[in-house]
Amino acid sequence: MAKLRWGIIGTGRIAKIFADGILRSQTGELVAVGSRSKAKARDFARANNIAQAHASYEALLADPTVEAVYIATPHPQHHEWVLRAAEAKKHILCEKPVGVHYDEAAAMMQAAWENSVFFMEAYMYRCHPQIARMIELIRAGTIGEVRVIKASFGFAVPYDPENRLFNRELGGGGILDIGGYCTSMARLIAGVAVGKPFAEAERLSVFGQIGAESEVDEYAAAMLVFPNDIVAMISCGLRLQQENHVRIEGSGGAITLLDPWVPNVNGGETSLILERNGEAVETLTVTSPPLYAIEADLVAHHIAKGDRQAASPAMSWADSLGNIRLQDEWRRAMDAPGPFTQARPVAPTPYQE
Ligand SMILES: NC(=O)c1ccc[n+]([C@@H]2O[C@H](COP(=O)([O-])OP(=O)(O)OC[C@H]3O[C@@H](n4cnc5c(N)ncnc54)[C@H](OP(=O)(O)O)[C@@H]3O)[C@@H](O)[C@H]2O)c1
Numbered sequence: 000m001a002k003l004r005w006g007i008i009g010t011g012r013i014a015k016i017f018a019d020g021i022l023r024s025q026t027g028e029l030v031a032v033g034s035r036s037k038a039k040a041r042d043f044a045r046a047n048n049i050a051q052a053h054a055s056y057e058a059l060l061a062d063p064t065v066e067a068v069y070i071a072t073p074h075p076q077h078h079e080w081v082l083r084a085a086e087a088k089k090h091i092l093c094e095k096p097v098g099v100h101y102d103e104a105a106a107m108m109q110a111a112w113e114n115s116v117f118f119m120e121a122y123m124y125r126c127h128p129q130i131a132r133m134i135e136l137i138r139a140g141t142i143g144e145v146r147v148i149k150a151s152f153g154f155a156v157p158y159d160p161e162n163r164l165f166n167r168e169l170g171g172g173g174i175l176d177i178g179g180y181c182t183s184m185a186r187l188i189a190g191v192a193v194g195k196p197f198a199e200a201e202r203l204s205v206f207g208q209i210g211a212e213s214e215v216d217e218y219a220a221a222m223l224v225f226p227n228d229i230v231a232m233i234s235c236g237l238r239l240q241q242e243n244h245v246r247i248e249g250s251g252g253a254i255t256l257l258d259p260w261v262p263n264v265n266g267g268e269t270s271l272i273l274e275r276n277g278e279a280v281e282t283l284t285v286t287s288p289p290l291y292a293i294e295a296d297l298v299a300h301h302i303a304k305g306d307r308q309a310a311s312p313a314m315s316w317a318d319s320l321g322n323i324r325l326q327d328e329w330r331r332a333m334d335a336p337g338p339f340t341q342a343r344p345v346a347p348t349p350y351q352e
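Numbering follows numbering that gives the first Met the number 0, in which position 115 of the sequence shown is assigned residue number 114; successive positions increment by one, without gaps.
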């Protein structure tokens, strides 16, 4: 298989990490980077051995050597650059959250559909083999009927108004940045438990705090009720270190993912703990290549097959739409600052639910 030629939009923290992932992938070649600054593009290209450094995102999209783009800007810029990348006929891996609300996400998928390009939201944790293992265990009834899901993602970042996490203009707040991991995990597990790729919550109660200075959601929790009365308790936070585990409790036992969100960035082993009622606790080990290399390879395989979207457990379009809608509802119920999805109906398309 010929290597997939990637271009990266943006030169921030995750751009560097994903560049390493492409370099360590089986299928990818990093041929170009685009930045709003000529100097940043040049420095990033030098540091990562990239042939082309473009002084604008437009120039990167006009580069005929680029087949797929990885969009690594802050959240509010995802929408514009996904639309422009689709129009330029580039395949797209867009960082999470897909957009800042549902309508943006739906427009992105419409653009990918109309331009016949691949599009995926980059929840890389879904590509890791421990997720496939977790799904297998649930499907096999290893822990009986799933009843309660617990998931947290939070880290202690010092308050800094310049940091995009605390900056409203840059889509700040925990729910959009890391809460979406917890919503997507709960939706995945609840779906698998009822024989589907994902499920939508039927009820939502929310709690948390909007920072007085930052005016963004700094910590937040939600209780969700899914079909079959499956309850999920999720939380996220920007100024507190959380447990950062996922635990699935069923009628016959429990599964705990000790490192659910960013496992094995450099490749290696991660563990799931399996408890079965009345039996000794087991530690199940999963070995994997570097996390972001797995993600780059998954995208390349789909593109090689002519797919427009990924299959579960990676993020399909309908899964991303359901997830951003839930993040929208969580933020709205918290009175977090907008923007939110507008009331206007989104035209139904063949890929939507
Ligand atoms: N999946 C993951 O593991 C993961 C981890 C971290 C972050 N993320 C996601 O990736 C995205 C970027 O996060 P990050 O932590 O890498 O952010 P970051 O370090 O702040 O970098 C963002 C980059 O976007 C570009 N950019 C474009 N418009 C901008 C604007 N108005 N203000 C600031 N920068 C702008 C900049 O590159 P140029 O100046 O070169 O144009 C900047 O370096 C976010 O959506 C985040 O949710 C994902």
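Cβ coordinates follow ideal geometry from the N, Cα and C atoms, glycine included.
For my contact list, GLU214 and PRO336 are in at a C-beta cut-off of 8 Å; report their separation, rounded to the angstrom. That pair is a contact at about 6 Å.
Beta strand (DSSP E) segments (min. 3 residues) lying fully within the stretch 227–265: Within the stretch 227–265, the runs of beta strand (DSSP E) that reach at least 3 residues and sit entirely inside it are, in chain order, 229–236, 245–249, 252–256.
With DSSP run on the structure shown, which of helix, strand or coil describes LYS88? In the three-state DSSP reduction, LYS88 falls in the coil class, being neither helix nor strand.
Over what stretch of residues does the beta strand (DSSP E) that includes GLN326 continue unbroken? Counting along the chain, GLN326 falls outside any beta strand (DSSP E), though it belongs to the alpha helix (DSSP H) covering 316–332.
Separation of GLN25 from LEU297, as counted between CA atoms: LEU297 and GLN25 have their C-alpha atoms some 10 Å from each other.
Ignore the nearest five residues each way along the sequence and tell me which others in THR286's own chain have a CB closer than 6 Å to its CB. So the qualifying residues of the chain are GLU268.
Could you tell me how far apart the beta carbons of ARG146 and GLY249 are, in whole angstroms, since I believe they sit closer than 8 Å? Cβ-Cβ separation between ARG146 and GLY249: approximately 6 Å, consistent with a contact (criterion under 8 Å).
Once the 5 residues before and after ASP258 are set aside, which same chain residues still bring their CB inside 7 Å of it? So the list reads THR269, once near-sequence residues are dropped.
Does at least one heavy atom of ligand 1 sit under 7 Å from the Cβ of ASP176? Indeed, a heavy atom of ligand 1 lies less than 7 Å from the Cβ.
Can you tell me which of the three DSSP states VAL224 falls into? Here VAL224 sits in strand by DSSP.
In whole angstroms, what separates the C-alpha of ALA14 from that of SER315? Rounded to whole angstroms, ALA14 and SER315 show a C-alpha spacing of 22 Å.
Terminal residues of the beta strand (DSSP E) in which MET119 lies: Boundaries of the beta strand (DSSP E) harbouring MET119: 118–120, taken from the DSSP string.
Excluding the five sequence neighbours on either side, which residues of its own chain have a C-beta within less than 6 Å of the C-beta of PHE17, listed in chain order? Hits under 6 Å: TYR69, TYR291.
Distance, Cα to Cα, HIS90 vs ILE247? Cα to Cα, HIS90 sits roughly 35 Å from ILE247.
Output needed for ASP318: all residues of its chain with C-beta closer than 6 Å, excluding positions within five of it in sequence on either side, in chain order. In the same chain as ASP318, and ignoring 5 residues on each side of it, the C-beta atoms closer than 6 Å to its own belong to PHE197, in chain order.
Please report how far the alpha carbon of PRO73 lies from the alpha carbon of TYR124, in whole angstroms. Rounded to the nearest whole angstrom, the C-alpha separation of PRO73 and TYR124 is 19 Å.
If we ignore side chains and look at the alpha-carbon of each, how far apart do ALA84 and ALA1 end up? For ALA84 and ALA1, the distance between alpha carbons rounds to 22 Å.
Cα-Cα separation between LEU29 and ASP102, rounded to whole angstroms: Put simply, the backbone Cα of LEU29 is about 31 Å away from that of ASP102.
Ignore the nearest five residues each way along the sequence and tell me which others in ALA110's own chain have a CB closer than 6 Å to its CB. So the qualifying residues of the chain are LEU82, ALA85.
When every heavy atom of ligand 1 is checked, does at least one fall within less than 7 Å of the C-beta of PRO73? Look at PRO73: its beta carbon is less than 7 Å from one of the heavy atoms in ligand 1.
Can MET123 be considered in contact with ligand 1, in the sense that its beta carbon sits closer than 7 Å to one or more heavy atoms? At a cut-off of 7 Å, the beta-carbon of MET123 counts as near ligand 1: some heavy atom of the ligand is closer than that.
Which whole-angstrom value describes the C-beta separation of TRP329 and ALA219, a residue pair presumed to lie in contact below a C-beta threshold of 8 Å? About 7 Å separates the Cβ atoms of TRP329 and ALA219, confirming a contact at the 8 Å cut-off.
Assigned secondary structure, ARG275 (DSSP; H/G/I helix, E/B strand, else coil): Strand at ARG275.
Closer than 7 Å to a non-hydrogen atom of ligand 1 - does that hold for the CB of LEU169? Correct: LEU169 has its Cβ closer than 7 Å to ligand 1.
Is GLY267 helix, strand or coil when you go by DSSP? Secondary structure at GLY267: strand, using DSSP grouped into helix, strand and coil.
Apply the 10 Å Cβ neighbour rule to GLY305 and answer buried if 16 or more other Cβ atoms are within range, or exposed otherwise. Burial call: exposed.
Cβ-based neighbour list, ALA50, same chain, cut-off 6 Å, excluding 5 preceding and 5 following: So the qualifying residues of the chain are VAL30.
For ASN354, is the classification buried or exposed, using 16 other Cβ atoms within 10 angstroms of its Cβ as the cut-off for buried? This structure gives no information on residue 354, because the portion of the chain shown stretches from 0 to 352.
Along the chain, which unbroken stretches of the alpha helix (DSSP H) at least 4 residues long are found entirely within the stretch 44–127? Within the stretch 44–127, the complete alpha helix (DSSP H) runs of at least 4 residues are 56–60, 77–86, 101–113.
How about ASP159 and PHE165: are their beta carbons less than 8 Å apart? Going by C-beta atoms, ASP159 is nearer than 8 Å to PHE165.
Between which two residues does the alpha helix (DSSP H) harbouring ALA299 extend? Its alpha helix (DSSP H) spans residues 290–304.
Please state whether DSSP places THR182 in a helix, a strand or coil. Correct three-state label for THR182: helix.
Would DSSP call GLY153 helix, strand or coil? GLY153 falls in the strand class under three-state DSSP.
The beta strand (DSSP E) with ILE8 in it runs from where to where? Note, ILE8: beta strand (DSSP E), 3–8.
Can you give me the start and stop residues for the beta strand (DSSP E) that PHE206 sits inside? Unbroken beta strand (DSSP E) run through PHE206: 202–209.
Going by other Cβ atoms of all chains shown within 10 Å of its Cβ, with 16 needed for buried, is ASP176 buried or exposed? It is buried - the Cβ of ASP176 has at least 16 other Cβ atoms within 10 Å.
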